[in-house]
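Asks: Protein chains in written order, with our numbering: chain A, 47 to 451; chain B, 741 to 975.
The beta-carbon is built from N, C-alpha and C at its ideal position, and this holds for glycine as well.
One structure follows; several queries about it will come next.
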Amino acid sequence: MHYSVKVALRYLTANRLQSTMLIAGVAIAVMVFTFNAALINGLAEFQIQRVVGSTAHVTLKPERRMPAVVPPRDASAVRAVVSQRALQRREQIKDWRAVESILESLPDVTGISYNVLGTVLATRGQQTVPITLKGVEPQRLSAIAPIDTNVVAGEPRLGLNDILIGKRLADDLGIGVAQPVFVQSDQGRERVLIVRGLYATGVESIDARLAYVNLDTARVLFDYPDGLTEIEIKLADIYAAPELAERLADSTGLEATAWSETNQRLKDALQGQRSSGDIIKFFTLLTIVIGVASALLLTTYRRRPEIGIMRSFGVSQRFVLSVFILQGALIGTLGSIAGCLLGYGFSALLAGLPRGADGSAPLPVDPALGEYPIALLLAVVASVLAAILPARAASRVDPVEAISQ
Amino acid sequence: MMTTADSTPLLEVVDLRKTFVDRYFETPVLKGINFTLARGEMVAMQGSSGSGKSTLLTILGTLLAPTSGTFRMLGQDLTRLTESQLSEFRNRYIGFIFQHHHLLPDFTALENVVFPHAGRVGRETRVGLERAAMLLERVGLSDRKHYRATRLSGGQKQRVAIARALMNEPSLVLADEPTGNLDRDTANQSFELLTEIQRETGTTFLLSTHDELLASRCERRIRLLDGVVVTTPAH
Ligand SMILES: Nc1ncnc2c1ncn2[C@@H]1O[C@H](COP(=O)(O)OP(=O)(O)OP(=O)(O)O)[C@@H](O)[C@H]1O
Ligand SMILES: [Mg+2]
Numbered sequence: 047m048h049y050s051v052k053v054a055l056r057y058l059t060a061n062r063l064q065s066t067m068l069i070a071g072v073a074i075a076v077m078v079f080t081f082n083a084a085l086i087n088g089l090a091e092f093q094i095q096r097v098v099g100s101t102a103h104v105t106l107k108p109e110r111r112m113p114a115v116v117p118p119r120d121a122s123a124v125r126a127v128v129s130q131r132a133l134q135r136r137e138q139i140k141d142w143r144a145v146e147s148i149l150e151s152l153p154d155v156t157g158i159s160y161n162v163l164g165t166v167l168a169t170r171g172q173q174t175v176p177i178t179l180k181g182v183e184p185q186r187l188s189a190i191a192p193i194d195t196n197v198v199a200g201e202p203r204l205g206l207n208d209i210l211i212g213k214r215l216a217d218d219l220g221i222g223v224a225q226p227v228f229v230q231s232d233q234g235r236e237r238v239l240i241v242r243g244l245y246a247t248g249v250e251s252i253d254a255r256l257a258y259v260n261l262d263t264a265r266v267l268f269d270y271p272d273g274l275t276e277i278e279i280k281l282a283d284i285y286a287a288p289e290l291a292e293r294l295a296d297s298t299g300l301e302a303t304a305w306s307e308t309n310q311r312l313k314d315a316l317q318g319q320r321s322s323g324d325i326i327k328f329f330t331l332l333t334i335v336i337g338v339a340s341a342l343l344l345t346t347y348r349r350r351p352e353i354g355i356m357r358s359f360g361v362s363q364r365f366v367l368s369v370f371i372l373q374g375a376l377i378g379t380l381g382s383i384a385g386c387l388l389g390y391g392f393s394a395l396l397a398g399l400p401r402g403a404d405g406s407a408p409l410p411v412d413p414a415l416g417e418y419p420i421a422l423l424l425a426v427v428a429s430v431l432a433a434i435l436p437a438r439a440a441s442r443v444d445p446v447e448a449i450s451q
Numbered sequence: 741m742m743t744t745a746d747s748t749p750l751l752e753v754v755d756l757r758k759t760f761v762d763r764y765f766e767t768p769v770l771k772g773i774n775f776t777l778a779r780g781e782m783v784a785m786q787g788s789s790g791s792g793k794s795t796l797l798t799i800l801g802t803l804l805a806p807t808s809g810t811f812r813m814l815g816q817d818l819t820r821l822t823e824s825q826l827s828e829f830r831n832r833y834i835g836f837i838f839q840h841h842h843l844l845p846d847f848t849a850l851e852n853v854v855f856p857h858a859g860r861v862g863r864e865t866r867v868g869l870e871r872a873a874m875l876l877e878r879v880g881l882s883d884r885k886h887y888r889a890t891r892l893s894g895g896q897k898q899r900v901a902i903a904r905a906l907m908n909e910p911s912l913v914l915a916d917e918p919t920g921n922l923d924r925d926t927a928n929q930s931f932e933l934l935t936e937i938q939r940e941t942g943t944t945f946l947l948s949t950h951d952e953l954l955a956s957r958c959e960r961r962i963r964l965l966d967g968v969v970v971t972t973p974a975h
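Following this line, the structure appears as structure tokens:
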């Protein structure tokens, strides 16, 4: 242990009350830092999980073919291009069997759903409402969204004449289990489907606007005898989605979209939260700098005579400098260790509070996401930076002036 | 008497001047000081209050730069060294004793004594601690080694300061009214101790004092008068 460490420690222990309060101050700032991180990150994780829990992580869609660019010379040519596009509109994934073999070889994939999607007008009594029908293979009903575990009435079965409807949509339509619904597709096909079950996943887009039917039923309704309109994929690691999407786009030639691209609102929300969290973190660090700097400046001032004596017997300016920098570093280290423990404890306490009726925590704090190493590092750096000014002042004390006091 | 054999003077002061300048006043205090100190001498410096004794001692102790002139110690021109070189020189060759003992209050007697050594080498060495303990014993404080400085009496503190000044075996000890703050008896005892140690170690002492009696017990006296040195022959 270098002698300057001993002197710094002696100075800190000589004034226990001041040092304790200083360390407590740093600890509280670091606690706020880590708790804030645990809250912001926990909240982000919570929001992400809520979104990705019931949506696809990567969605494959038919490649959007660009119409041949023929500069239209007159109005009739424009009309021709438009009708050409109308014919091409019904793009589909034709050779999906090939894609299937690619997907099934991927180790990270936890669920796949082969879908035919389309819009129907659903009529019930006097009411006609447009709804989106999602045709899925019955055994893969819950591959993407957990429909089967969220059925609130009836059962999660998809026979050829069955339909599963979101609770909210069913309420809007005024229908219940075992009742018939008349649907008419955009291809002009009509059918009467029986409501097999109602589900409530908690996700608005699924509960209020979507209904599930058997894939074969959808093929008939929307006239896709063998193609698909989309393939949905779920992954073990959601953060691998963008990279996988890119790879799949290359290998299949399909349009592949990761969840993170389609959820711009979520991204914006997370970014906003992160920014406000960063501002709070910045201010906690600023508090440390100001607190440590002002306390050490006072110490420097109080110890001027002693510093002068040390200098008079030939202790170097560097030694004095390091004694005061070390005080900052010691305060920062002790304070931030205590702060991390407090932050973890406080986060764990809040995370452990009894859950609400819907099973969600009162605050989505995740104690594991407190960014403790960064907090520790930044707090120590802040304390050392804060000590520089007082330390320089100390090293520049004029021994003559200090001694003659 | 170990070093008197060497005939080159320990300290040679040539035309040393110090004028304090601030915004409104110029205060010439030292107006051309010339004198030498031989090795092993004990010299008393006298002069009325405000004559510049403390100023001269702080300059010779390299804590304050002179306005002009030179002084050489151990063959080195001390007006030409950088701040860190001066620090190092001070640590090795100069010991200070002040009127107000000036101990470090949060350290024990032993720690105060060993500090000049530990501060230089970066830690308290066994050799350093042994020497510090020996010095404390020499000044009669071996039973107070581990007392905090604040728990010592005035005379005890001054004796710790004497031990500390001697820690690095300096060539020159500068003492500014070392007994000025003590009562008659304690002052006499402290002075007695200083002269004994001076004789034992052969260290050169330059001490300022207002005390005619104590000054008369030194080998040689110099007097500051109107900013110059007036030498008084030994008694
Ligand atoms: N920093 C300074 N600025 C201006 N003048 C100063 C400064 N320090 C000392 N002086 C002046 O220098 C003169 C000598 O002061 P010094 O302290 O050296 O006297 P001294 O002989 O030690 O006196 P005393 O016996 O009272 O201790 C005084 O007139 C004092 O006012
Ligand atoms: Mg004086």
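#1: At a cut-off of 7 Å, would you count residue 794 of chain B as near ligand 2, judging by its Cβ distance to the nearest heavy atom?
#2: When Cβ atoms are compared, which residues of the region 55-69 of chain A fall closer than 9 Å to chain B?
#3: Going along the chain, which residues of its own chain have a beta-carbon closer than 7 Å to the beta-carbon of residue 452 of chain A, five neighbours each way excluded?
#4: Take the Cβ of residue 306 of chain A as the centre, count every other Cβ of all protein chains shown within 10 Å, and call the residue buried at 16 or more, exposed below.
#5: Closer than 8 Å between beta carbons: that is the criterion. Which residues of the region 796-812 of chain B meet it against chain A?
#6: Fully enclosed by the region 330-378 of chain A, which alpha helix (DSSP H) runs are 4 residues long or longer?
#7: Starting from residue 44 of chain A and walking both ways along the beta strand (DSSP E), at which residues does that stretch end?
#8: Do residue 84 of chain A and residue 416 of chain A count as a contact pair if the criterion is CB distance below 8 Å?
#9: Can you name, in chain order, every residue of its own chain whose Cβ lies under 6 Å from the Cβ of residue 773 of chain B, other than the five neighbours on each side?
#10: Looking at ligand 3, does it come within less than 7 Å of residue 787 of chain B, judged from the CB to the closest heavy atom?
#11: Near residue 828 of chain B, which residues of its chain fall below 7 Å by C-beta distance, leaving aside the five closest residues on each side in sequence?
#12: Which whole-angstrom value describes the C-beta separation of residue 912 of chain B and residue 813 of chain B, a residue pair presumed to lie in contact below a C-beta threshold of 8 Å?
#13: What is the DSSP secondary structure of residue 113 of chain A, counted as helix, strand or coil?
#14: Is DSSP giving residue 879 of chain B helix, strand or coil here?
#15: With a threshold of 7 Å (Cβ to nearest heavy atom), would residue 775 of chain B be considered close to ligand 1?
#16: If we count the other Cβ atoms within 10 Å of its Cβ and call it buried at 16 or more, is residue 153 of chain A buried or exposed?
#17: Assuming residue 903 of chain B and residue 853 of chain B form a contact by the criterion Cβ under 8 Å, report the distance between their Cβ atoms to the nearest whole angstrom.
#18: Spell out a yes or no on whether the region 242-256 of chain A and the region 271-278 of chain A are touching, meaning 3 or more CB-CB pairs, one atom from each, closer than 8 Å.
#19: Taking the beta carbon of residue 412 of chain A as the centre, do at least 16 other beta carbons fall within 10 Å, making it buried, or is it exposed?
#20: If the cut is a Cβ gap below 7 Å, which residues of chain B does residue 365 of chain A touch?
#21: Quick one: which unbroken alpha helix (DSSP H) runs of 4-plus residues sit fully inside the region 235-273 of chain A? Chain order, please.
#22: Quick one: is the Cβ of residue 790 of chain B within less than 7 Å of any heavy atom of ligand 1?
#23: Could you tell me the boundaries of the beta strand (DSSP E) in which residue 174 of chain A lies?
#24: Any contact of the region 432-450 of chain A with the region 353-368 of chain A, i.e. 3+ C-beta pairs under 8 Å?
#25: In three-state terms, what does DSSP make of residue 754 of chain B?
#26: With burial defined as no fewer than 16 other Cβ atoms inside 10 Å of the residue's Cβ, what is the status of residue 296 of chain A: buried or exposed?
#27: For the beta strand (DSSP E) containing residue 772 of chain B, name the first residue and the last one.
#28: Using a C-beta cutoff of 8 Å, does residue 449 of chain A count as contacting chain B?
#29: Between which two residues does the beta strand (DSSP E) carrying residue 301 of chain A extend?
#30: Using a C-beta to C-beta distance shorter than 9 Å, which residues of chain A count as neighbours of residue 824 of chain B?
#31: Let me confirm a value: residue 67 of chain A is counted as buried when at least 16 other C-beta atoms fall within 10 Å, else exposed. Which label applies?
#32: List the residues that DSSP assigns as beta-bridge partners of residue 428 of chain A.
#33: Scan the region 847-878 of chain B for residues whose Cβ lies nearer than 9 Å to a Cβ of chain A and list them as they occur along the chain.
#34: Using a 10 Å radius around the Cβ and a threshold of 16 neighbouring Cβ atoms, would you call residue 347 of chain A buried or exposed?
#35: What's the C-alpha gap between residue 222 of chain A and residue 197 of chain A?
#36: Compute the beta-carbon to beta-carbon distance between residue 316 of chain A and residue 93 of chain A, rounded to the nearest angstrom, for a pair I have assumed lies under 8 Å.
Replies: In this structure, then:
#1: yes
#2: 56, 57, 59, 60 and 61
#3: Any answer about residue 452 of chain A is impossible in this case: the structure gives chain A only from 47 up to 451.
#4: buried
#5: 798, 801, 803 and 804
#6: 350-358
#7: Given that chain A is displayed from residue 47 to residue 451, the structure contains no residue 44 of chain A and the question cannot be resolved.
#8: yes
#9: 753, 756 and 969
#10: Here the bound small molecules are ligand 1 and ligand 2; ligand 3 is not part of this structure.
#11: none
#12: 7 Å
#13: Reliability fails at residue 113 of chain A, whose pLDDT of 48 lies under 50, so the model's placement of it is uncertain and no value is given.
#14: coil
#15: no
#16: exposed
#17: 5 Å
#18: no
#19: buried
#20: 859
#21: 250-253 and 261-268
#22: yes
#23: 173-182
#24: yes
#25: strand
#26: exposed
#27: 766-777
#28: yes
#29: 301-304
#30: 362, 363 and 364
#31: exposed
#32: In the DSSP output, where bridge partners are listed per residue, residue 428 of chain A has none listed.
#33: 847, 851, 855, 856, 858, 859, 860, 861, 862, 863 and 864
#34: exposed
#35: 13 Å
#36: 7 Å
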